[in-house]
Amino acid sequence: MAGGIVVKYGGSAMEDPVKVTEILREVAGLAKEGFPVVLVHGGGKEISAELERRGLKAVFAEGFRVTDEATMAVVEEVLDRKVNPGIVAKLNELGGKARGISGRKVFQARKAPPAKAGGKEIDLGRVGEAERCETAEVRKALAAKETAVVSPVGQGRDGGAMNLNADVA
704 MAGGIVVKYG GSAMEDPVKV TEILREVAGL AKEGFPVVLV HGGGKEISAE LERRGLKAVF
764 AEGFRVTDEA TMAVVEEVLD RKVNPGIVAK LNELGGKARG ISGRKVFQAR KAPPAKAGGK
824 EIDLGRVGEA ERCETAEVRK ALAAKETAVV SPVGQGRDGG AMNLNADVA
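This is how it looks when you write it as structure tokens:
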């Protein structure tokens with residue numbers, strides 16, 4: 704994928720509608736100019752809001768969301784079925800051509816080590832670290848001149864979903 708661009712999109716850039724349009728217009732423009740673009744997105748605020756709506760408490764340790772099974776189900780649902788399709792739709796609306804890809808098809812992940820807080824270790828649950836990338840789905844999108852929009856959800860060694868840090872993924 705020589706000459707391609709990887710963009711991490713998240714945080715405050717996803718909150719302001721004006722910024723969203725500006726950033727995604729730039730991404731769509733790069734792709735239209737012939738640059739292969741892979742956009743890996745976050746969605747932390749949307750996840751926290753959905754957890755709150757469901758009466759689940761967001762817990763953090765050393766900046767990582769402690770992710771039990773119930774939280775992981777929300778993380779995957781929000782990232783793969785709400786945030787990712789929303790980004791794809793906006794890119795397409797702005798004249799781009801995008802394809803959403805669950806990170807489970809891209810990132811093979813191992814369990815992250817415990818975090819340290821208050822002198823003790825805290826198991827982060829289904830928080831993972833990407834250890835390998837499977838690029839077939841991304842390459843298919845790029846070959847079709849599409850922007851690959853990838854969620855930061857990894858495939859764990861145990862077959863379950865893993866919550867990845869989008870900055871690192």
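Numbering of the sequence shown is given in our numbering, commencing with residue 704 and proceeding in unit increments. Glycine included, each C-beta is placed from N, C-alpha and C at the ideal position.
Reducing DSSP to helix, strand and coil, say where residue i ends up.
{"i": "N795", "result": "helix"}
{"i": "V777", "result": "helix"}
{"i": "G831", "result": "strand"}
{"i": "T838", "result": "coil"}
{"i": "A818", "result": "strand"}
{"i": "A716", "result": "helix"}
Rounded to the nearest angstrom, what separates residue i and residue j at their Cα positions?
{"i": "N866", "j": "L727", "result": "24 Å"}
{"i": "K735", "j": "V853", "result": "19 Å"}
{"i": "H790", "j": "G713", "result": "The residue you asked about is not His; residue 790 is Ile in the sequence shown. I790 and G713: Cα-Cα distance of roughly 11 Å."}
{"i": "Q811", "j": "E729", "result": "29 Å"}
{"i": "G758", "j": "G747", "result": "16 Å"}
{"i": "V781", "j": "T838", "result": "23 Å"}
{"i": "N868", "j": "T770", "result": "12 Å"}
{"i": "G863", "j": "L733", "result": "34 Å"}
{"i": "E779", "j": "K800", "result": "24 Å"}
Use the C-beta contact count for residue i: other C-beta atoms within 10 angstroms, 16 or more gives buried, fewer gives exposed.
{"i": "R784", "result": "exposed"}
{"i": "G798", "result": "exposed"}
{"i": "T724", "result": "exposed"}
{"i": "G821", "result": "exposed"}
{"i": "G806", "result": "buried"}
{"i": "R768", "result": "buried"}
{"i": "E849", "result": "buried"}
Quick one: measure Cβ to Cβ for residue i and residue j, integer angstroms, because I've assumed they're closer than 8 Å.
{"i": "A815", "j": "E832", "result": "5 Å"}
{"i": "V873", "j": "V743", "result": "This structure cannot settle anything about residue 873, because the visible part of the chain is limited to 704 through 872."}
{"i": "I804", "j": "A851", "result": "6 Å"}
{"i": "V777", "j": "I750", "result": "6 Å"}
{"i": "A764", "j": "A716", "result": "Incorrect: roughly 25 Å between the Cβ atoms, too far for contact."}
Shorter than 9 Å from the beta carbon of residue i to some beta carbon of chain B?
{"i": "M717", "result": "No chain B appears in this structure, which consists of one protein chain only."}
| task | Kindly confirm or deny that the stretch 817 to 826 and the stretch 857 to 864 touch, where touching means at least three C-beta pairs closer than 8 Å. | result | Output reads no: the stretch 857 to 864 does not touch the stretch 817 to 826.
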